[in-house]
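Note sheet for the following structure.
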Amino acid sequence: MAAGEDDIKSEIIVGCMIAASITGIASAIGLAFTGVSAVAVVAEKPELFGKTLILQLLPMTQSIYGLLTAILLMMGGGLLAGGGEITPLMGKGAIFIGMIVGFTGLSAIMQGMIASSAIAGTARNPGITARGIMYAATAETMAIFGLLVAILLMTGIGFL
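Going by this note's numbering, the sequence shown opens with residue 24, and the numbers climb by one from there.
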């Protein structure tokens, strides 16, 4: 492996780290907001466990997007079995792809706030759970857009 190829793979690793770590941290914060609310509600109304669990898990999806991005970058960059030729553009591109997914994944924090309010609302009126899911899902669209842009860039740069 040439020194230049090592540098490119190092940049791909940085892109993976950015995507996975920022989305992971944001999801953990969002899950903390929802978890605190869900535990308080279930302590008084155990029958709402299923409804609150759905709302509590919503902020975790951004970390899945970060993980998926990291895996695709590793596969396309030859860090996992196989992989084609890598170029300097792929190294720099991986960093920016990681940033796109990581930054849009910060929406997990706000999604956690929205879902936390929906959990509190569900305690008062269990019939609003689906509406709460819809409100929380709107915050997630930013992360979905980020993942879409990342996949399009990976395709254009040659990762996929």
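Yeah, the Cβ is synthetic: ideal placement off N, Cα and C, and Gly gets one too.
If the criterion is Cβ atoms closer than 9 Å, does the pair residue i and residue j meet it?
i: Met-165; j: Ser-139; result: no
i: Thr-84; j: Ile-142; result: no
i: Ala-159; j: Val-37; result: no
i: Leu-81; j: Ala-43; result: no
i: Ile-137; j: Ala-162; result: yes
i: Thr-49; j: Gly-169; result: The question names Thr, but residue 49 in the sequence shown is Ala. Not closer than 9 Å, so no.
Go ahead and pull the three-state DSSP assignment for residue i.
i: Met-70; result: Residue 70 is actually Glu in this sequence, not Met. Here Glu-70 sits in helix by DSSP.
i: Gly-181; result: coil
i: Gly-101; result: coil
i: Gly-107; result: coil
i: Leu-175; result: helix
i: Leu-129; result: coil
Roughly how many whole angstroms lie between the Cα atoms of residue i and residue j?
i: Lys-32; j: Ala-173; result: 18 Å
i: Tyr-241; j: Ile-132; result: Past the boundaries of the shown model lies residue 241; the chain is included only from 24 to 183, so the question cannot be answered.
i: Ile-109; j: Gly-181; result: 8 Å
i: Ala-63; j: Ala-153; result: 20 Å
i: Ser-60; j: Glu-67; result: 11 Å
i: Thr-75; j: Val-65; result: 8 Å
i: Ala-93; j: Ser-86; result: 11 Å
i: Leu-102; j: Gln-79; result: 34 Å
For residue i, which residues in the same chain have their Cβ closer than 7 Å to its Cβ, ignoring the five residues on either side in sequence?
i: Pro-111; result: Ile-31
i: Gly-100; result: Lys-32, Ile-35, Gly-106, Ile-109, Met-113, Ala-117, Phe-182
Below 8 Å on the Cβ atoms is my guess for residue i versus residue j; work out the distance and round it to an integer in Å.
i: Ile-156; j: Ile-77; result: 7 Å
i: Ile-45; j: Gly-125; result: 3 Å
i: Gly-114; j: Ile-41; result: Actually they are not in contact, since the Cβ atoms of Gly-114 and Ile-41 sit about 13 Å apart, beyond 8 Å.
i: Ala-183; j: Leu-95; result: According to the sequence shown, residue 183 is Leu rather than Ala. Yes, they are in contact, since the Cβ atoms of Leu-183 and Leu-95 sit about 7 Å apart, within 8 Å.
If you drop the 5 nearest sequence neighbours on each side, which residues of the same chain put their C-beta closer than 6 Å to that of residue i?
i: Ile-120; result: Gly-38, Ala-173, Leu-176
i: Gly-135; result: Gly-53, Phe-56, Thr-57, Pro-82
Might you give, ordered along the chain, the residues of its own chain that have their beta carbon closer than 8 Å to the beta carbon of residue i, omitting 5 neighbours on each side?
i: Ile-151; result: Ala-141, Gly-144, Thr-145
i: Pro-149; result: Leu-71, Lys-74
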